[in-house]
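Inspection log for the structure reproduced underneath, given as structure tokens.
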């Protein structure tokens with residue numbers, strides 16, 4: 001019951017907080033919209049259609065599935081790392097450390113709030129997409145299902161965000177690094193057709209493959225499920241361990257007072 005009340009309280013506070021970042025929020029939506037439609041302009045949907053032997057609209061859906069995973073994952077990465085840095089400057093991170101709940105849990109709830117609101121905003125973009133390809137009920141259901149299947153990737157990318165957020169407590173400016181990483185992940189992920197199993201170390205890569213196999217009615221490879229769960233479990237554990245270590249190091253050196 002305490003956790004339910006915690007979630008309700010955090011949701012209420014975070015929604016009010018996000019309202020003060022309207023410009024940044026709208027900018028994020030515009031950036032993702034440009035990325036999505038740029039992908040279609042390059043003809044990537046046609047390439048996927050030819051590769052899988054499917055029609056062009058199904059090719060667009062294959063691309064959209066990859067985009068959804070990338071969008072959720074990079075938003076989680078950017079938001080969590082920037083939020084940690086911002087709260088360390090404002091002093092609210094120290095307050096979270098004094099709570100009976102872990103700072104990682106409180107930060108995770110904040111991130112979920114942002115992503116929920118982000119999802120509602122992206123609905124407009126997806127509505128335009130759905131109308132443009134004349135999607136049927138099946139396509140709409142798979143779009144929604146993609147968000148559910150992407151949840152493990154969200155947790156894994158949050159772990160990576162904790163790691164980078166912890167580094168930002170020491171190195172201060174890592175915004176450029178996060179942006180570069182978000183961009184590079186497009187080219188290293190299965191969003192554009194990278195098929196090597198080695199790249200399943202990327203939190204959302206195996207998830208994209210699983211979702212695409214589901215959409216195409218193929219048998220889901222058990223190795224993909226294993227890779228997906230193990231990869232994201234490792235990332236969240238690594239992220240929490242590193243974040244706590246770096247946070248302890250900052251507190252020990254009293255670096256919070258230097259912001």
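Residue numbers (UniProt numbering): 1 to 259. The C-beta atom is built at its ideal place from N, Cα and C for all residues, glycine as well. Keep in mind it's a predicted model, so treat the numbers as computed, not measured.
Item	Value
Cβ shell of residue 99 (< 7 Å), same chain only, five flanking positions each side left out	106
Simplified DSSP state of residue 62, which is helix, strand or coil	helix
Nearest-angstrom Cα separation, counted from residue 211 out to residue 199	16 Å
Cβ-Cβ separation, residue 147 to residue 119 (assumed contact under 8 Å), whole Å	7 Å
Simplified DSSP state of residue 119, which is helix, strand or coil	helix
Whole-angstrom distance between residue 69 and residue 101, CA atom to CA atom	29 Å
The ligand HEM heavy atom lying under 7 Å from the CB of residue 59	Because no ligand of any kind appears in the structure shown, any question about the ligand HEM cannot be addressed here.
Residues near residue 46 by beta carbon distance below 8 Å, same chain, minus five either side	56 and 59
Supposed close pair residue 163, residue 250 - CB separation, criterion 8 Å	No, residue 163 and residue 250 are not in contact; Cβ-Cβ is about 14 Å, not under 8 Å.
Cβ pair count under 8 Å reaching 3, the region 232–239 against the region 149–161	yes
Residue 239: first and last residue of the uninterrupted alpha helix (DSSP H) it sits in	222–252
Counted within 10 angstroms of its Cβ, other Cβ atoms place residue 87 as buried (16 or more) or exposed	buried
Collapsed DSSP secondary structure at residue 136 in the structure displayed	coil
Nearest residue (CA-CA) to residue 126, options 52, 63 and 48	63
Close beta carbons around residue 49, own chain, < 7 Å, minus the five adjacent residues each side	55, 56, 58 and 59
Cβ-based burial, residue 209 [other Cβ within 10 Å; buried from 16]	buried
Reference residue 155, options 132, 139, 115 and 177, closest by Cα	115
Backbone CA spacing between residue 243 and residue 213 [nearest angstrom]	35 Å
Straight-line Cα distance separating residue 92 from residue 139	42 Å
8 Å contact criterion, which residue 111 and residue 150 should meet: CB distance rounded	Actually they are not in contact, since the Cβ atoms of residue 111 and residue 150 sit about 14 Å apart, beyond 8 Å.
CA nearest to the CA of residue 104, picked from 136, 83 and 137	83
Residue 215 and residue 142 closer than 8 Å at C-beta	yes
Contact set for residue 229: own chain, Cβ-Cβ below 8 Å, skip 5 residues either direction	152
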